[in-house]
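Some notes on the structure that comes next.
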Amino acid sequence: MANDFYNLDSVLSEEERAVRDTIRSFVDEKVLPVIGDCYIEGRFPKELIPEMAELGMFGANLPEEYGCAGLNNVAYGLIMHELERGDSGVRSFASVQGALVMYPIYAFGSEEQKRHYLPKMAHGELIGCFGLTEPDYGSNPSGMITRAREQKDGSWVINGAKMWITNGSTADVAIVWAKTGDDKSDKSIRGFIVPTDSAGFTAKDQKGKLSLRASDTSELVLQDVKVGADCLLPKSGGIKSPLMCLTQARYGIAWGAMGAAQACYEEALTYAGNRVMFGKPIAGFQLQQQRLADMLTELVKGQLLALHLGRLKDAGTFSPQQVSLAKRNNVSVATDIAREARRLLGANGILAEYSSMRHMANLESVYTYEGTHDVHTLILGQAVTGLSAFE
Amino acid sequence: MEISAVKLAVCVKRVPDMDVRFRIGADNVSVDEAGLKFDLNDFDAWAVEAALQLKDKNAGSEVTVISLGPDIVQETIRKGLSMGADRGVHLKADKVPFDGFAVASALAAELKSGGYDLILFGKMSPDSSNGVVGQMVAEMLQLPCVSAISSLEIASGKGTAKRELEGAQEIVEFPLPAVLTVDEGLNTARLPSLKGIMAAKKKPLESKPAQLPQPQLTVTRLELPPERQAGRIIGEGAAAVPELVKLLQTEAKVL
Amino acid sequence: MANVFAFVETRGSEVRKVGLEAVTAARMLADKTGGGEVHALLLGPPGISAKAQQLGQHGADVVIVVENPALANYNPEAATATAAERIKSGGYRAAVFSTSAQGRDLAPRVAARLGVSVVTDVLSFDIQGQNIVVRHPMNIGKVIATISMSGTPAIIAMRPNVIAPAQNPKAGRIENAQPAADPASTRVKVLETKQGSRDKLDLAEAPVVVAGGRGLKAAENFKLVEDLASAFGNAAVGATRAVTDDGWRPHADQIGQTGRLVSPELYVAVGISGAVQHLAGMRTSKTIVAINKDKDAPIFKVADYGIVGDVFEVVPALTDAVREAKKHH
Numbered sequence: 480m481a482n483d484f485y486n487l488d489s490v491l492s493e494e495e496r497a498v499r500d501t502i503r504s505f506v507d508e509k510v511l512p513v514i515g516d517c518y519i520e521g522r523f524p525k526e527l528i529p530e531m532a533e534l535g536m537f538g539a540n541l542p543e544e545y546g547c548a549g550l551n552n553v554a555y556g557l558i559m560h561e562l563e564r565g566d567s568g569v570r571s572f573a574s575v576q577g578a579l580v581m582y583p584i585y586a587f588g589s590e591e592q593k594r595h596y597l598p599k600m601a602h603g604e605l606i607g608c609f610g611l612t613e614p615d616y617g618s619n620p621s622g623m624i625t626r627a628r629e630q631k632d633g634s635w636v637i638n639g640a641k642m643w644i645t646n647g648s649t650a651d652v653a654i655v656w657a658k659t660g661d662d663k664s665d666k667s668i669r670g671f672i673v674p675t676d677s678a679g680f681t682a683k684d685q686k687g688k689l690s691l692r693a694s695d696t697s698e699l700v701l702q703d704v705k706v707g708a709d710c711l712l713p714k715s716g717g718i719k720s721p722l723m724c725l726t727q728a729r730y731g732i733a734w735g736a737m738g739a740a741q742a743c744y745e746e747a748l749t750y751a752g753n754r755v756m757f758g759k760p761i762a763g764f765q766l767q768q769q770r771l772a773d774m775l776t777e778l779v780k781g782q783l784l785a786l787h788l789g790r791l792k793d794a795g796t797f798s799p800q801q802v803s804l805a806k807r808n809n810v811s812v813a814t815d816i817a818r819e820a821r822r823l824l825g826a827n828g829i830l831a832e833y834s835s836m837r838h839m840a841n842l843e844s845v846y847t848y849e850g851t852h853d854v855h856t857l858i859l860g861q862a863v864t865g866l867s868a869f870e
Numbered sequence: 176m177e178i179s180a181v182k183l184a185v186c187v188k189r190v191p192d193m194d195v196r197f198r199i200g201a202d203n204v205s206v207d208e209a210g211l212k213f214d215l216n217d218f219d220a221w222a223v224e225a226a227l228q229l230k231d232k233n234a235g236s237e238v239t240v241i242s243l244g245p246d247i248v249q250e251t252i253r254k255g256l257s258m259g260a261d262r263g264v265h266l267k268a269d270k271v272p273f274d275g276f277a278v279a280s281a282l283a284a285e286l287k288s289g290g291y292d293l294i295l296f297g298k299m300s301p302d303s304s305n306g307v308v309g310q311m312v313a314e315m316l317q318l319p320c321v322s323a324i325s326s327l328e329i330a331s332g333k334g335t336a337k338r339e340l341e342g343a344q345e346i347v348e349f350p351l352p353a354v355l356t357v358d359e360g361l362n363t364a365r366l367p368s369l370k371g372i373m374a375a376k377k378k379p380l381e382s383k384p385a386q387l388p389q390p391q392l393t394v395t396r397l398e399l400p401p402e403r404q405a406g407r408i409i410g411e412g413a414a415a416v417p418e419l420v421k422l423l424q425t426e427a428k429v430l
Numbered sequence: 007m008a009n010v011f012a013f014v015e016t017r018g019s020e021v022r023k024v025g026l027e028a029v030t031a032a033r034m035l036a037d038k039t040g041g042g043e044v045h046a047l048l049l050g051p052p053g054i055s056a057k058a059q060q061l062g063q064h065g066a067d068v069v070i071v072v073e074n075p076a077l078a079n080y081n082p083e084a085a086t087a088t089a090a091e092r093i094k095s096g097g098y099r100a101a102v103f104s105t106s107a108q109g110r111d112l113a114p115r116v117a118a119r120l121g122v123s124v125v126t127d128v129l130s131f132d133i134q135g136q137n138i139v140v141r142h143p144m145n146i147g148k149v150i151a152t153i154s155m156s157g158t159p160a161i162i163a164m165r166p167n168v169i170a171p172a173q174n175p176k177a178g179r180i181e182n183a184q185p186a187a188d189p190a191s192t193r194v195k196v197l198e199t200k201q202g203s204r205d206k207l208d209l210a211e212a213p214v215v216v217a218g219g220r221g222l223k224a225a226e227n228f229k230l231v232e233d234l235a236s237a238f239g240n241a242a243v244g245a246t247r248a249v250t251d252d253g254w255r256p257h258a259d260q261i262g263q264t265g266r267l268v269s270p271e272l273y274v275a276v277g278i279s280g281a282v283q284h285l286a287g288m289r290t291s292k293t294i295v296a297i298n299k300d301k302d303a304p305i306f307k308v309a310d311y312g313i314v315g316d317v318f319e320v321v322p323a324l325t326d327a328v329r330e331a332k333k334h335h
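Protein chains in written order, with this note's numbering: chain A, 480 to 870; chain B, 176 to 430; chain C, 7 to 335.
Next comes the structure, spelled out in structure tokens:
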């Protein structure tokens, strides 16, 4: 039974509710039955990709003319919320495909690139990944050392390594960000659509993860990878380009985190009602009620924050700093909600048959990726004081 | 097997989610709707799916979704459209009567001149739980009817279906046009795709007053059933069996 | 004084228990409305007339016997035409059917043909002034509606097992009649009938139901449930939606919101967690016993008696104990 304590449904349109309902049903029927095992096995449920594509989840807020669903941003956020109610790894797949692969092609690509790639990606026929982060350059992507050198015939040769790349080993194409100039300046950063079967390109899964296990996380190594001129994203330029993509993804994450939080809260509430100790359900004890009340409060606040942000985005007036505030807050409160739910579940809470600990572990990755909590702190600090405290 | 276009109608009802504790409204004859979530009911969703599968198999076919009730039922019609139906008809009425005969009369009046090859209903809706409207519409339209089907094939002017009776299963053949009511097990209803949800807004949805007769049934009271007395766990494992048998004999007196 | 019509459901040459329930209910209704006659319609293959006496024993003043080879199985069109014609010409105050699979199909058709309403799954009936008033479960049994029926005749279909067939001998005078539509020439044709086991008690009629769920782990383990059912002797075997969806048991055995609704004297839930949609199908059982290894399973909240334990240990022990208890009965 879904929680809607503040009746958010009353401020969603019929289409937004219908979109939310479809993804919710998909997650309940297809994701939840398998995700615990996938998490333990350390694999992304690839077999779900065709159905996710058919339902229209990839690049859902991109225009219909490119084969996408053409939804507004609130509906897009609701998709992320419901997917992450299933698992952060599943939502990450959709975030990457939509916001980090399809979006840069849409925003920075030529018309041919858009027409060639976007419909196939919407249909799940081509999977992409986003190559920005490097082993030594996480929070500071401007410092990247991956380089792309233009050849006489207009093609490019790319050298470098990327790390922590979701979908890396599954992807057909990688959106690789590389410096094209001779100096360390981030102004020369441009994006390239690199087919992953190019000579010199390897993707290797990173093993031993204790978080985001139902997701492919890979290292990419590019050794003299040659790509044609038509692989450059012509409108890309400077660090701003990949950051714009991140803003799109972070927006979805602000919603997604609350989905994970909602799953944990509902699990805790149901469990508390059934679990009998000292002769009554633990839901009747003051400390558990406080837990539940605190969880519910942060859940509602975070959802309202995401919803308003979505309305601003649809109005065309939102800023990346506003997204930072929502991502930072929502992921942080979601990690707290997941942890408290885990604790309420007691010993049962460490089992994979309950979802709270899986969400708890996943959310640690979500706390760190797409701009760590701390980075967003400094973004907000700079936004309000005018002073950069990054260095 | 001849593939030929078929004209299909599905009658649907918007019902509340059943997975809740209901409260009786202050008037004592209705359920308190505060906090209830409504949707197309499962049986009707299977009926819509059956129509869509026939449409998928028979090029040029058309599916019309019809519902009776206040304006809000247009959302339920649009759900059918978002699943893939082509047009909707809303028969406007302030309230959905409990009386299935009244509902069937209004539906039959609408369906009569539609030229439908097949009219589909869910076997029953979980709120009124009466399960009568489809069969009544068939009688009113003097069409052959097969109720509670769990399999369906259509080919060149006729169809075959499977239905369950107590202790037996029947395979029946029927001519078109016909009325069918759909039971669980016929299919799994498709989820509306996101594109389908967007497309639904653009499909034709006609609204007109329902031609309802005076109802012959009146709900005079609604009440919650008595709570079951709390039971108890009497023991663990096979060791508890003798105690259980004793209680079944002496206390429950069922053995 | 108002006469009441009863449709007596048959299976081949047998009268089904729900048929006797319908006659008993009609008798009760007639007595409540001033003691009119009960006319019972008995459709069946040649030889069904032998059952007329039993109907008289249960309160039928008149038994209308319609015999025809094509009535050996339920024939919706012939049954509808015959019942409707008789009800119309007989000027009955009410007509009682059963909420069986057959009755669910038949009663609404007859009502529509007569231009009147119908209430199915009726739990009880009464007279209030000029109206017949019935109680009927709504919202998967979570709400009980009291419904006033102003039309005549009032068509009702009784829930199985709520009216116990009662002896109340009346004349049972036989009237032979013809079907009002040719049973051999129907628009809908039965191509094939797969009979289930004849001696299997129907779920809705059995006094005891033993049902199994996921806790049985595999389809073959349903033998445990079947053995327990045979130990009771008068039990039917049911299943949850989870196991019927997986194909362990036929869909017809499913007890739940979208499956069968049952109200037996005793319901034994074996390895069933107690999902809401399952409870909807059995929560009106008079006594509920649950056996499950998880003491937090929701089924224990509705069970009168629960045993927490491994079904593979508890159920065989219970089967033996029940067999013993029945022996000494």
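Cβ coordinates follow ideal geometry from the N, Cα and C atoms, glycine included.
query: Reference alanine 260 of chain B; option with closest CA among B:Gln391, B:Gly371, B:Ala330, B:Ala323; result: B:Gly371
query: Alpha-carbon to alpha-carbon, arginine 196 of chain B and serine 154 of chain C; result: 25 Å
query: CA-to-CA distance, proline 143 of chain C to lysine 23 of chain C, given in whole angstroms; result: 22 Å
query: Local Cβ density within 10 Å of valine 216 of chain C, reported as buried at 16 or more and exposed below that; result: buried
query: Cβ contact check for the stretch 491-508 of chain A and the stretch 547-554 of chain A: 3 or more pairs under 8 Å; result: yes
query: Per-residue contacts from serine 504 of chain A into chain B (C-beta, under 7 Å); result: Leu366
query: C-beta contact flag for phenylalanine 484 of chain A and valine 673 of chain A at 8 Å; result: no
query: Whether isoleucine 247 of chain B touches leucine 380 of chain B by CB criterion (8 Å); result: no
query: Contacts that leucine 256 of chain B makes with chain A (C-beta to C-beta distance below 7 Å); result: Correct list: empty, because the minimum Cβ distance to chain A is about 10 Å.
query: Alpha helix (DSSP H) segment containing lysine 94 of chain C, residue limits; result: 82-96
query: Nearest-angstrom Cβ-Cβ length linking phenylalanine 572 of chain A and serine 694 of chain A, presumed shorter than 8 Å; result: 7 Å
query: Contacts that glutamate 250 of chain B makes with chain A (C-beta to C-beta distance below 9 Å); result: Glu493, Arg496, Ala497
query: Aspartate 111 of chain C - containing alpha helix (DSSP H), residue span; result: 107-120
query: When B:Ser242, B:Glu328, B:Val308, B:Asn305 are compared against glutamine 228 of chain B, the one with the closest alpha-carbon; result: B:Glu328
query: Asparagine 482 of chain A at chain C interface by Cβ criterion, 8 Å; result: no
query: Which residues DSSP lists as bridging valine 140 of chain C, in chain order; result: C:Phe131, C:Ile153
query: Endpoints, the alpha helix (DSSP H) within which glutamate 745 of chain A is located; result: 719-753
query: Isoleucine 247 of chain B - DSSP class collapsed to helix/strand/coil; result: coil
query: Straight-line Cα distance separating alanine 170 of chain C from proline 185 of chain C; result: 29 Å
query: DSSP-derived helix/strand/coil call for glycine 265 of chain C; result: coil
query: Contacts of arginine 754 of chain A in chain C (Cβ-Cβ under 9 Å); result: Asp302
query: For histidine 64 of chain C and methionine 480 of chain A, the rounded distance between their alpha carbons; result: A caution first: methionine 480 of chain A carries a pLDDT of 38, below 50, which makes its placement in the model unreliable, though a value can still be read off. Roughly 48 Å separates the two Cα atoms.
query: Residue burial classification, serine 489 of chain A (beta-carbon count within 10 angstroms, cutoff 16); result: exposed
query: Residue-chain proximity (arginine 253 of chain B, chain A), Cβ-Cβ < 8 Å; result: yes
query: Beta-carbon gap between serine 236 of chain B and valine 181 of chain B smaller than 8 Å; result: yes
query: Beta-carbon proximity of isoleucine 558 of chain A to methionine 536 of chain A, cut-off 8 Å; result: yes
query: Validate contact between the stretch 527-536 of chain A and the stretch 497-507 of chain A using beta carbons, cut 8 Å, 3 pairs; result: yes
query: Option nearest glycine 618 of chain A by Cα separation, candidates A:Arg837, A:His852, A:Asp676; result: Residue identity check: residue 618 of chain A is serine in the sequence provided, not glycine. For serine 618 of chain A, the nearest C-alpha among the options comes from A:His852.
query: Cβ neighbour criterion (16 or more within 10 Å) applied to valine 863 of chain A; result: exposed
query: 7 Å Cβ cut-off: residues of chain B touching glycine 535 of chain A; result: Ser368, Leu369, Lys370
query: Backbone CA spacing between lysine 525 of chain A and leucine 197 of chain C [nearest angstrom]; result: 44 Å
query: Helix, strand or coil at methionine 480 of chain A according to DSSP, with G and I counted as helix; result: A caution first: methionine 480 of chain A carries a pLDDT of 38, below 50, which makes its placement in the model unreliable, though a value can still be read off. Coil, per DSSP.
query: Buried versus exposed, by CB contacts within 10 Å (16 or more), arginine 110 of chain C; result: buried
query: Straight-line Cα distance separating leucine 766 of chain A from glycine 255 of chain B; result: 46 Å
query: Partner residues on chain C for glutamine 344 of chain B, Cβ-Cβ distance less than 9 Å; result: Glu198, Thr199, Lys200, Gln201, Gly202, Pro256, Ala258
query: Residue(s) in a DSSP beta bridge with arginine 193 of chain C; result: Arginine 193 of chain C pairs with nothing; no bridge assigned.
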